[in-house]
Ligand code: PHE
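Spelled out as C-alpha cells, the structure:
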C-alpha cells in the first residue's frame, strides 16, 4: 500500500497537472471542482478525518491541510497565468501601431461660386456699393408687378416660374426668378429712411447697391440650372446716366477678370423694368475664349414706372440697373463648361478651387 503522504503528494501533482491542462478560465473552474469542489477529492479527505482518533486527526489533519493549501496555491497560480495570457492576447489583437502616419484632416474651402460672389462684393464695395440680401420666396408684386412686368408677360407662365403655396390667386407666392425684386425692396427702404428730406426737396443720398443671391426658374441643361445665382446692381440718383453704367460695369469686368484689354459691348435688348435696355457682352483678347462675345448681364436705365414704385419722382430721379450671372462669371473665370458641376457636390471638382 502507498505511504499516505505519498498519496497526498500525488494528489497535489495530479491537481497541478489538471490545472496546467486547463486552457481557459472555464476549463480551470471545472478542474478546480474535481479537487476542491463540494464532492471533490480534497473535500473527501477532510470528511475522512472524522473517523480518525484524536491523535491521528492531528497529524493527518495537518497533512491534509497542507495538501489543500498546495492545491489552492496551484489553482491561484494558474488563474493568474491564464488572466495574464488573456490580457496579452487582447493587447496583441488591439495593438496600436504608433509609428503609422496620422489621418489627414483636410481643410475645407469656399465653393467657386461663393468665391465669385465674394469677389463681386469686394469690387463693388470698393466703388461705394452696399450689399443687400432678400427673400428667395417672393410675392408676385415684387418679382413682376412692381417691375413693370405686365400680367400676360411670358416670364410669369408656369413654364418659367416656380409658384409656391401660401399666396392668393391674385397675389401668388413664387421663387424669385431674378434678383430684380431687390431693386424695389432696397429702394423702398432707402426712400423711407430719407422721406422727410425727399419731401422737403433736399438731395437724397444716392441708392447704390448690389444684391447677390439664389434665383429659380423651371429650366435645366448644361448651361441652365433650376437654381442659379444672380447679382443685381442698382444706382439711382439725380444725375446717374448710361455712361456711368458703362464705366462702372467695364471697371468691374476688367477687375474681376484681371484683364485690362477686356472689351465690352452693350447690345440693345428688352426688359420690362428698364428703358432703354442692353445685354452686356464681354470679349477676351487673349486666352482660350479670345475673340468670342460672351453674354454676362442684362442692364438698362430704370423704367419710370419702376422709379415710381420705389416711391420716387421719375422726373427727378434716374439711374440704371443690371443683373449678372455669377455662375456664368465663374465658368468663364475658371474655364468650366458645364454649369451642373457647380451643384453636383463632387469633391473632385470642388477641391480644385481650394
Ligand atoms: N432681371 C433680368 C434677368 O433676370 C436682368 C436685368 C436686371 C436686366 C436689371 C436689366 C436690369 O434677365
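Numbering (my numbering), first residue to last: 807 to 1160. Every residue, glycine too, gets a C-beta built ideally from N, C-alpha and C.
* Do you know how far the Cα of residue 983 is from the Cα of residue 1048? -> 25 Å
* Cβ contact check for the segment 1097-1105 and the segment 1123-1131: 3 or more pairs under 8 Å -> yes
* **Secondary structure of residue 1025, DSSP reduced to three states** => coil
* Asked: Going by the C-beta, is residue 986 closer than 6 Å to any heavy atom of the ligand FAD?
  -> Looking for the ligand FAD in the displayed structure turns up nothing; the ligands present are the ligand PHE.
* For residue 1133, the first and last residue of its enclosing alpha helix (DSSP H) -> 1132-1140
* For residue 792, name the three-state secondary structure that DSSP assigns. => Lying outside 807 to 1160, the shown extent of the chain, residue 792 is not represented and no answer is given.
* Just reading off the alpha helix (DSSP H) that residue 894 is part of, what are its end residues? -> 860-899
* Skipping 5 residues on each side, what residues in its chain have a beta carbon closer than 8 Å to that of residue 961? -> 950, 955, 967 and 983
* To do: Return the chain-ordered list of same chain residues with a C-beta closer than 7 Å to the C-beta of residue 877, the five sequence neighbours on each side being excluded.
  => 818, 821, 841, 842 and 848
* Which of the three DSSP states, helix, strand or coil, is assigned to residue 988? -> helix
* Asked: Can you check whether the CB of residue 930 is closer than 7 Å to the CB of residue 1031?
  -> no
* Could you tell me whether the segment 916-932 touches the segment 970-987, using the rule of 3 or more Cβ pairs below 8 Å? => no
* Asked: Should residue 1059 and residue 1132 be called a contact, given that it needs their Cβ atoms to be closer than 7 Å?
  -> no
* From the DSSP output, in three-state form, read off residue 807 for me. => For residue 807, the predicted structure reports a pLDDT of 49, less than 50, and the residue's modelled location is therefore unreliable. A value from the coordinates is still provided. DSSP places residue 807 in coil when its eight states are reduced to three.
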